[in-house]
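Undergrad: First the structure, then my questions, so here it is.
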Amino acid sequence: MPELPEVETIVRDLARLLPGRTIKGVEVLRPDLIEGDTPDGFAGKLRGRKIRSVVRRAKNIVMDLGGDRLLVNLGMTGRLLVARTGDEDATHLGARLALDRGRELRYHDVRRFGRLWTLTDGAWTAWDGELGVEPLSDDFTVDWLRGAAARSRVAVKTWLMDQARVVGVGNIYASEGLFRAGVDPRRPADTLSEAELARVRDGVRQVLAEAIEHRGTTFLDYRDARGEEGAFAARLKVYDREGQPCDVCGGTVQRLVQGGRSTFFCPSCQH
DNA sequence: AACGCGCCCTGTCCGC
DNA sequence: TGCGGACAGGGCGCGT
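Okay, here's the thing in structure tokens:
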């Protein structure tokens, strides 16, 4: 799915469209998308509630309903769209929230890896506490990285993708951030020098920020809250570029598999 | 305890 | 053209 920049793009769209809207009705077409509740139970917690705000935490969309929160994780192929009532598109439609003023919020998901669920205030605090540091926050420092990485022998690419450590970095931006850092994705996290950790921090932050500016990467399925593609794919340096020349050195971009996921890197730029 | 792997699903593409 | 296998922005639960 959607990694941090894609979720952030959707959240910024929703934050302009949804606050103040009331949920008038709930229709669940794929019950397996609802986490920890029956469709009726889920619907009962949402119906009549007003959406106060929309924020992002890690790769999750979080809507404050005043006390309880509605959370959405898009998995690999989830789409959360604001549409006009009657603007029908039933393709892989999983759930639909009717809003006031002729709008509805629709969740579509081909592979159905995504989830929707609600959390009470207390449960939200506990859930939030299990997640790692936000890479665009001031907490993502070289000092923090050094302390956290020192305890792990996992390959740095896999390390970056663990949401209990750093949130929001998925398969695309882990490869891209390490390319910018000039660090080999296979390096065990605890072998990185202070200077390399600083480059990893800066590389990850820069690529995430640029991707947000370009409204995210549409590789296959990603769409923003209005159904539009992101524009960052054209700016990827290594992801899905196996066999193509490296933009920086002209060498050949290579692919390898780590933890069952593809990693792309330039062996002559990354050490 | 940390880590690696299989699995959840559907769709698409590639090689034979 | 058909078919099997690999692979796709994620994350959970299991065994070691």
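Going by the numbering used here, the first sequence wraps up at 508, each residue one higher than the last. We put the beta carbon where it would ideally sit given N, CA and C, even for glycine.
#1: Taking only three categories from DSSP, how would you classify L241?
#2: Here's the rule I'm using: 16 or more other beta-carbon atoms within 10 Å means buried, otherwise exposed. How should P482 be labelled?
#3: Note down the Cα distance separating R338 from R424, rounded to an integer number of angstroms.
#4: Run through DSSP, which three-state label would E272 get?
#5: Within the chosen definition, does the segment 301-310 reach the segment 318-330 through at least 3 CB pairs nearer than 8 Å?
#6: R460: buried (16+ other C-beta within 10 angstroms of its C-beta) or exposed?
#7: Excluding the 5 residues flanking N297 on each side, which residues of the same chain have their C-beta closer than 6 Å to its C-beta?
#8: Grab me the residues of R286's own chain with a C-beta within less than 6 Å of its C-beta, minus the 5 sequence neighbours each way, in chain order.
#9: Given this structure, state the Cα-to-Cα distance separating G405 from G281, to the nearest angstrom.
#10: For A332, which beta-bridge partners are listed by DSSP?
#11: Whole angstroms is fine: what's the gap from W361's alpha carbon to P239's?
#12: Out of L241, L254 and P242, which has the shortest C-alpha to C-alpha gap to R463?
TA: Considering the structure as presented:
#1: Looking at L241 - three-state DSSP - the assignment turns out to be helix.
#2: Flag for P482 reads exposed.
#3: Their backbone Cα atoms lie some 53 Å apart in a straight line.
#4: Coil.
#5: They do not touch, by the three-pair rule.
#6: By the 10 Å Cβ count, R460 comes out buried.
#7: These residues qualify, in order along the chain: L308 and N310.
#8: Cβ within range, chain order: I260 and L302.
#9: Rounded to whole angstroms, G405 to G281 spans 30 Å at the Cα level.
#10: DSSP, once it has assigned bridges, lists V265 and Y344 as partnering A332.
#11: Their Cα atoms are separated by approximately 22 Å.
#12: Among L241, L254 and P242, the Cα nearest to that of R463 belongs to L254.
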